[in-house]
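Accompanying notes for the structure given below.
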Amino acid sequence: MSFFADSVNRISPSQTIAMSTKARELKAQGRNIIDLSAGEPDLPTPDNVKSAGIKAITDGKTRYTDVDGIPELKAAVVAKFKRENGLDYKPAQVSIGTGGKQVLFNALSCTLNPGDEVVIPSPCWVSYVDIVRLGGGTPVFAECKFEDGYRLQPQTLDAAITANTKWFVFNAPCNPSGAAYTRAQLKALTEVLMAPKNRHVWVLTDDMYEHLIYDDLAFYTPAQVEPGLYERTLTMNGLSKTYCMTGWRMGYGAGPEPLIKTMCKLQSQSTSNPSSISQWAAVEALNGPQDFIARNAQIFKERRDLVVSMLNQAKGVKCPKPEGAFYVYPSCAGVIGKTSAKGSKIKTDQDFTLALLEEEGVACVHGAAFAMSPYFRLSYAASTAELEEACKRIQRFCGNVR
Ligand SMILES: Cc1ncc(COP(=O)(O)O)c(C=O)c1O
């Protein structure tokens, strides 16, 4: 009899975290490492939000709260959905979690039974895959091709859906590809979900990168463009990326009340409430000034333009220009099958990222970690100077492969 549960044997540790850990180890050995593997903004949490967290502590708001969020934060989330997405939710339809990750985890864990399938466009944030497996479900990948700008095509979605499909997970702007959709492109996907044969499929939309969208592209979420989906959609979002609050662990979702109630039941028997202090900081973040969001997005847009231009000058690398998030997902197909300057054979995208880290001190994450090869993800949540230097090193590495 195995000591460890079968469920945990079905999952793997996060490969993104594995790469960041390796980069940190090399740094500790004194190597000059530029770490572009992490998925978090390098910009600070706004001062008014920090102050609200401090005030919560001094005011003694340091006790257990309602399991899935204080009424003040639920009200702020309801107002946010109305203001920014034109969606009407009641507080009882809102769930607050310890990061968006917990909201996703709760929703999938509450609904998946063995045999249930979850359609996940790939490349994808890999936690979806492992959370589905942990819950006993089966991930089904719907490939988003390089030549389509990594956007999911309606016919690919339709072909991935079977009678066993329980959820369709949608994430745009996407981690890792940065792909985002026009209203018309999103509408074409929602039409697939409205087809009579697909009406059993629920939508889990991960809108985490909503405000990191560039070139005047407007953000839309599925239940907004197709109100017919409202009754089978969980609209998930969080404060980690938009408000630069990764460490505060604040995420939320809204959807039909029976789902939200069941998620609350699960949370009551696992973590209970998210941090009371973070919840009060989140109230301020959502209700307070929002003008810094556009300023941050402009900073990321300029970095994106720099990185795309420099990576396209690296031999064997092709980098499409993503519409959002803070990642690029270039192809490294032109380097596969070659040998690096220091003699490493590059057979896979993992060999590529490992040799790049060893030989040039640049940490990126290989595409296989996001279920699509041969590519790599580079996060441009770093200073312009670091990005310029990293891209120069990538150009040198690729120029020297034989
Ligand atoms: C696409 C996506 N969804 C969800 C999350 C989870 O964010 P958090 O748990 O910090 O709210 C992340 C974080 O990297 C992400 O990239």
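Per my numbering, the very first residue in the sequence shown carries number 186; after that it's consecutive.
Heads up, the beta-carbon is just placed ideally off N, CA and C, and yes, glycines get one too.
For Asn360, verify whether its CB is less than 7 Å away from any heavy atom of ligand 1. The residue you call residue 360 lines up with position 175 of the sequence shown. Within the cutoff, so yes.
Assumed close pair Ile398, Gly509 - CB separation to whole angstroms, cut-off 8 Å: By 1-based counting over the sequence shown, the position of residue 398 is 213. By 1-based counting over the sequence shown, the position of residue 509 is 324. The Cβ separation is near 4 Å, so the contact holds.
Is the beta carbon of Arg596 sitting closer than 8 Å to the one on Glu545? Nothing can be reported for residue 596: it is not among the residues displayed for the chain, which extend from 186 to 587.
In the DSSP assignment, find the unbroken beta strand (DSSP E) run with Pro443 in it and report its ends. As a working note, residue 443 is residue 258 in the sequence shown. Premise fails: Pro443 lies in the alpha helix (DSSP H), 442-453, not in any beta strand (DSSP E).
Indicate, with yes or no, if ligand 1 has a heavy atom lying under 7 Å from the CB of Thr367. Locating residue 367 in the sequence shown gives position 182, counting from the first residue. Answer for Thr367: no, Cβ out of range of ligand 1.
Check whether the segment 552-569 touches the segment 514-521, counting contact only when three or more Cβ pairs, one atom from each stretch, lie closer than 8 Å. yes
Note down the Cα distance separating Gly284 from Lys372, rounded to an integer number of angstroms. Here residue 284 is taken as the residue at index 99 of the sequence shown, counted from 1. Here residue 372 is taken as the residue at index 187 of the sequence shown, counted from 1. Those two C-alpha atoms are separated by around 28 Å.
For Met435 versus Ser463, is the C-beta spacing smaller than 8 Å? Here residue 435 corresponds to residue number 250 of the sequence shown, with the count starting at 1. Here residue 463 corresponds to residue number 278 of the sequence shown, with the count starting at 1. Yes; because the gap between Cβ atoms is below 8 Å, this pair is in contact.
Determine the extent of the beta strand (DSSP E) in which Thr418 is found, giving its start and end residues. Your numbering for residue 418 matches position 233 in the sequence shown. Start and end: 418-423.
Quick one: does Ala365 have its CB under 8 Å from some CB of chain C? Within the model displayed, chain C is absent; a lone protein chain is all it includes.
Using the beta-carbon count (16 or more within 10 Å), is Tyr428 buried or exposed? Numbered from 1 along the sequence shown, position 243 holds the residue referred to as residue 428. Result: buried.
Spell out a yes or no on whether the segment 524-541 and the segment 385-401 are touching, meaning 3 or more CB-CB pairs, one atom from each, closer than 8 Å. no
Range of the contiguous beta strand (DSSP E) that encloses Trp433: What you label residue 433 is simply residue 248 of the sequence shown in a count that begins at 1. No beta strand (DSSP E) contains Trp433, which DSSP labels as neither H nor E.
Under 8 Å by Cβ, that's how I've got Leu342 and Val317 pegged, so tell me the actual separation to the nearest angstrom. Within the sequence shown, residue 342 is the residue found at index 157, counting from 1. Within the sequence shown, residue 317 is the residue found at index 132, counting from 1. About 17 Å; that fails the 8 Å criterion.
Tell me whether Asn291 counts as near ligand 1, meaning its Cβ is closer than 7 Å to at least one heavy atom of that ligand. The residue labelled residue 291 in the question sits at position 106 within the sequence shown. No.
Please state the DSSP three-state secondary structure of Trp465. The residue given as residue 465 occupies position 280 in the sequence shown. Helix at Trp465.
Straight-line Cα distance separating Lys500 from Asp251: The count along the sequence shown starts at 1 and reaches residue 251 at position 66. The count along the sequence shown starts at 1 and reaches residue 500 at position 315. Cα-Cα distance, rounded: 55 Å.
To the nearest angstrom, how far is the alpha carbon of Asn270 from that of Pro306? Counting from 1 along the sequence shown, the entry for residue 270 is found at position 85. Counting from 1 along the sequence shown, the entry for residue 306 is found at position 121. Distance between the alpha carbons of Asn270 and Pro306 is about 23 Å.
Please enumerate, following chain order, all residues with a beta carbon closer than 6 Å to at least one heavy atom belonging to ligand 1. Gly224, Gly284, Gly285, Lys286, Trp310, Asn356, Asn360, Asp391, Met393, Gly423, Ser425, Thr431, Gly436
Just how far apart, CA to CA, sit Gly300 and Ala292? For the purposes of this step, residue 300 is taken as the residue at position 115 of the sequence shown. For the purposes of this step, residue 292 is taken as the residue at position 107 of the sequence shown. Their backbone Cα atoms lie some 17 Å apart in a straight line.
Quick one: residues in its chain with C-beta nearer than 6 Å to the C-beta of Leu211, no 5 flanking neighbours on either side, listed in chain order? Looking up residue 211 in the sequence shown gives position 26. Excluding positions up to five away in sequence, the list reads Ile218.
Are there 16 or more other CB atoms within 10 angstroms of the CB of Tyr249, so buried, or fewer, so exposed? Working through the sequence shown from its first residue, we reach residue 249 at position 64. Under this definition Tyr249 is an exposed residue.
Which same chain residues, not among the five before or five after Ser457, have their C-beta less than 8 Å away from its C-beta? In the sequence shown, residue 457 corresponds to position 272, counting from 1. Correct list, in chain order: Tyr249, Val252.
Among Val410, Lys450, Asp391, Arg480, nearest to Ala439 - alpha-carbon criterion: As a position in the sequence shown, residue 439 is number 254, starting the count at 1. The shortest C-alpha separation from Ala439 is found at Asp391.
Excluding sequence positions up to five away, which residues of its chain have a Cβ less than 6 Å from the Cβ of Met495? Translated into the one-based positions of the sequence shown, residue 495 becomes position 310. Here the set comprises Cys576.
Just to check my reading of the structure: Asp296 and Lys351 have Cβ atoms closer than 8 Å, yes? What is that Cβ distance to the nearest angstrom? If you number the sequence shown from 1, residue 296 lands on position 111. If you number the sequence shown from 1, residue 351 lands on position 166. Before going further, note that residue 296 is Thr rather than Asp in the sequence given. The beta-carbon distance between Thr296 and Lys351, rounded to whole angstroms, is 6 Å. This is short enough to meet the 8 Å contact definition.
Assuming the contact rule is C-beta atoms closer than 8 Å, Glu442 and Gln278 should be a hit. Round their C-beta distance to whole Å, please. In the sequence shown, the residue the question calls residue 442 occupies position 257. In the sequence shown, the residue the question calls residue 278 occupies position 93. Indeed, because the Cβ distance is near 6 Å, the residues count as touching under 8 Å.
Does the distance from the CB of Leu184 to the CB of Ala553 come in under 8 Å? Residue coverage of the chain in this structure runs from 186 to 587, which leaves residue 184 outside it and unanswerable.
Do Leu563 and Val502 have their CB atoms nearer than 8 Å? Here residue 563 is taken as the residue at index 378 of the sequence shown, counted from 1. Here residue 502 is taken as the residue at index 317 of the sequence shown, counted from 1. Contact flag unset, no.
7 Å CB neighbourhood of Asp469 in its chain, flanking five on each side removed: The sequence position of residue 469 within the sequence shown is 284, counting from 1. Per the sequence shown, the amino acid found at residue 469 is Glu instead of Asp. The residues are Asn233, Val234, Ala237.
Quick one, which of Gly334, Thr375, Asn585 has its alpha-carbon nearest Phe353's? Locating residue 353 in the sequence shown gives position 168, where the first residue counts as 1. The option with the nearest alpha carbon to Phe353 is Thr375.
Pick out whichever of Ser294, Arg268, Ala344 has its Cα sitting closest to the Cα of Tyr313. In the sequence shown, counting from the first residue as 1, residue 313 sits at position 128. Checking every option, the nearest Cα to that of Tyr313 belongs to Ser294.
Return the CA-CA distance between Asp401 and Lys450, expressed in angstroms with no decimal places. Counting from one through the sequence shown, the residue named residue 401 turns up at place 216. Counting from one through the sequence shown, the residue named residue 450 turns up at place 265. Roughly 41 Å separates the two Cα atoms.
Please state the DSSP three-state secondary structure of Gly509. What you label residue 509 is simply residue 324 of the sequence shown in a count that begins at 1. Of the three classes helix, strand and coil, the one that applies to Gly509 here is strand, per DSSP.
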